[in-house]
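Sequence order for the protein chains is Y and P. Add 35 to the 1-based position in the first sequence for this note's numbering, that's all there is to it. Add 145 to the 1-based position in the second sequence for this note's numbering, that's all there is to it. C-beta atoms are modelled at their ideal positions from N, C-alpha and C, and glycine is treated no differently. If you're wondering where the values come from, they're calculated on a predicted model, not measured in any experiment.
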Amino acid sequence: MIDPASTTPAPLGPAAGARPAGTGPGGTGAGGPGAAGTREQIDAAIAERRRRRERRERRVYRAIRIGSLVVVLAAWQWYGMHSISIIFDPITTVLAALGHLWTQGGLPGAIWYSLWTFVLGYLSGLIAGVVIGMCVGAYQKAEAAVGLYLQALYATPMVAVVPLLSIWFGFGVLTQELIIALFVLFPSVVTVSYGVRNLDADLLEVARSLRMSRMNLWRHVLIPGTVPYIAAGAAQGVAMGLVGMFIAEIFTQLSGLGNLLQTAAQTYHTDQALAVIVVIMTLGVLLRALITVVQRKVAPWAK
Amino acid sequence: MAEQAGARAGVTAAGSEPAAGAAGPAAAGGGRIECESVYKWFPGGIVLEDVSLAVDSGQFVCIVGPSGCGKTTLLRMMAGLAEPDHGRVTIGGSTVTGPDPRVAVVFQHFGLFPWKSVYRNVALPLQLAKVARDELDSRVTEALRAVGLAGHERKFPAQLSGGMKQRAGLARALAAAPDVLLMDEPFAAVDAQVREVLQEDLLALRDRLRQTIVFITHSIDEAITLGDRILVMDARPGRVVRDITVPIEQPRTISQVRHHPAYAGLRDEIWGQLRQSAIDRAGDQ
Ligand SMILES: Nc1ncnc2c1ncn2[C@@H]1O[C@H](COP(=O)(O)OP(=O)(O)OP(=O)(O)O)[C@@H](O)[C@H]1O
Ligand SMILES: [Mg+2]
């Protein structure tokens, strides 16, 4: 598969290079200042060739991705068709269940509800995490004050505090938000404070030599320097937050996707359960992609 | 070539204006650096012992010495980034107690903020000093042109070669129109050819700007090429063991230096001193 794909364009390469090279001598023949023109043309030819190669590579990767998706889906279908429906279902059945859930099972409402609780819990957890993480990372006094508790809580599996939270705050939306926020909070605190602490010491020295005020230090150095870590924390937070969301919904049995999944599983509607899982996966992937897009917008210098 | 030289001449005018406003560093001795019996201890032992030296305003001094002899420590004290444990450092007659706006530092690893474009990196000291928008723009543009970075304003440091990064670092230092430029192995991180080009450009620049420059290097050739004077240091404890005046007239070019009758003798003299230090140290172990 791959071999012919990578060898076929090879003869194309020189051909592409030959075209600008062919115009090159024409340019020099035309007049004196041809030298600059030729160099520009060569640069352009090289850039063009690199673009072609990148485009070709991108095509190859896309082909691999699509191929692997086809293989996985086919395997799923095949296995589902040869399995008992309580245990596993083929894609076609799952898609049908998805359609059924969408029209009659209240899937849109569940997605809407879950997404809202997730977004609220996620954002509050992330914002708190970034603020705490930056303070703890930047100020040793803050670290001394709360570092121990943060580490203890970070080491505690958050699932363990879920029952307590529902005792304290009931089985309502607030509890769900809190659980999601807590799941997002700790990874982002750890990632962000690590980021602040690992800022390039040279840059801090530059900041000192420029006599930056504390305000300017935050504005020009600490915050922008931590953006890649904030982005990493945010991406990690999506995964953790989704876990929190599920646990919250399954535990509080209120509504949303987790509840839908729980109901489907308890009534042995495996196809519906799989359908909900597909929805969740898709949500997770989309949310992470969104984070990446935001990161590129906010911090184009960090890959 | 001619265009570049013209650009440099242009900068000079703009670059020296603020300096002239500050009564002119060379004339008023605003850039004079003095170290008076400076000592520095670190947990590992004494690093600088009784270092006394004076650099005249507008002088270009190179410091060479074995690794770990305290060159960076000395420079950081001049920059106000470290404090002497004993003795004092003065610039323009006043004791250094912290980073000073009359002093600009060029860092070995460039010290550019990756999240700022070249323009914004160079503009930062002026922005912090609340320089008005128009003046800021013209000073940044001139500084960038002076170091040959015109046209690269919008690039980010990651898009620059090592040589260009250090040009940007130099432009940032120059934009602030300091009386004193402190450079700690500024060209050590770029390859040999680029390094020579940077040296040529620095020679051309300083010939017009006339800042006091303290320049740390490990390269004897570089020290002779650039310096009016060379301080040779020895380690354990760190101290200045030679103070050599380079008898090659300014302005110079690299090839003039290489073909100067004094060149080989100077090289031997410095090398002899450094080798002696190395032999002494090897004997210690
Ligand atoms: N913050 C510090 N704490 C402890 N020791 C230090 C510290 N800074 C420097 N030193 C020690 O002081 C000595 C001099 O260091 P310095 O960086 O000034 O040397 P240098 O001459 O610049 O060396 P190099 O040529 O390698 O850059 C070294 O032995 C170093 O280990
Ligand atoms: Mg050093």
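Asked: What number of angstroms, rounded off, separates the C-alpha of A291/P from the C-alpha of D425/P?; Found: 44 Å
Asked: In chain order, what are the residues with a CB under 7 Å from some non-hydrogen atom of ligand 2?; Found: K216/P, T217/P, D329/P, E330/P and I361/P
Asked: Give me the Cα-Cα distance between M222/P and S202/P, rounded to the nearest whole angstrom.; Found: 18 Å
Asked: Could you work out which residues of chain P lie near A334/Y, taking near to mean beta carbons separated by less than 8 Å?; Found: W260
Asked: Please confirm whether L273/P has its beta-carbon closer than 7 Å to some beta-carbon of chain Y.; Found: yes
Asked: Out of A321/P, E414/P, M328/P and Q338/P, state which residue places its alpha-carbon closest to the alpha-carbon of I369/P.; Found: E414/P
Asked: With DSSP as the reference, label C180/P as helix, strand or coil.; Found: strand
Asked: At 3 residues or longer, and completely inside the stretch 243-308 of chain P: list those beta strand (DSSP E) runs for me, N to C.; Found: 248-251
Asked: Tell me whether D237/Y sits in a helix, a strand or coil according to DSSP, three-state version.; Found: helix
Asked: Flag C214/P as yes when its Cβ comes closer than 6 Å to any non-hydrogen atom of ligand 1, and as no otherwise.; Found: yes
Asked: Ligand 1 and G189/P: does any heavy atom of the ligand fall closer than 6 Å to the residue's C-beta?; Found: yes
Asked: Going along the chain, which residues of its own chain have a beta-carbon closer than 7 Å to the beta-carbon of R351/P, five neighbours each way excluded?; Found: F205 and I358
Asked: Can you tell me whether V192/P sits near ligand 1, meaning its C-beta is under 6 Å from at least one heavy atom of the ligand?; Found: yes
Asked: Sort out for me which residues DSSP pairs C207/P with in a bridge.; Found: F360/P and I375/P
Asked: Is P170/P close to chain Y, meaning its C-beta is less than 7 Å from at least one C-beta of that chain?; Found: Its pLDDT being 42, under 50, P170/P is placed unreliably by the model, and nothing is read from it.
Asked: Checking 7 Å against the spacing of the C-beta atoms, do G175/P and G237/P come in under that value?; Found: yes
Asked: Any C-beta of chain Y sitting closer than 7 Å to the C-beta of A224/P?; Found: yes
Asked: If you reduce the DSSP assignment to three classes, tell me which class F187/P lands in.; Found: strand
Asked: Quickly, what does DSSP pair D388/P with across the bridge? List them, please.; Found: L376/P
Asked: R420/P to E367/P, Cα distance in whole Å?; Found: 17 Å
Asked: Going by DSSP, which residues form a beta bridge with V200/P?; Found: I178/P
Asked: Would you say L234/Y faces chain P, with C-beta separation under 7 Å as the test?; Found: no
Asked: How many Å lie between V12/Y and I282/Y at the Cα?; Found: Since the first and last residues shown for chain Y are 36 and 338, residue 12/Y lies out of range.
Asked: Go through its chain and collect everything with a Cβ distance to L322/Y's Cβ below 6 Å, but skip five positions before and after it.; Found: V273
Asked: Verify the CB distance criterion: does P406/P have a CB-CB separation below 7 Å to chain Y?; Found: no
Asked: Can you name the residues of chain P whose CB is closer than 8 Å to the CB of L245/Y?; Found: P244, L269, P270 and L273
Asked: Take E148/P and list the residues in its own chain whose beta-carbon comes closer than 6 Å to its own, dropping the five residues that flank it on each side.; Found: A caution first: E148/P carries a pLDDT of 39, below 50, which makes its placement in the model too unreliable to give a value.
Asked: How many angstroms separate the CA atom of L252/Y from the CA atom of A236/Y?; Found: 13 Å
Asked: Does any residue of chain Y bring its CB to less than 7 Å from the CB of F301/P?; Found: yes
Asked: What's the gap between the Cα of T317/Y and the Cα of F258/P?; Found: 37 Å
Asked: Comparing the C-beta of V250/P with each C-beta of chain Y, is any distance below 7 Å?; Found: yes
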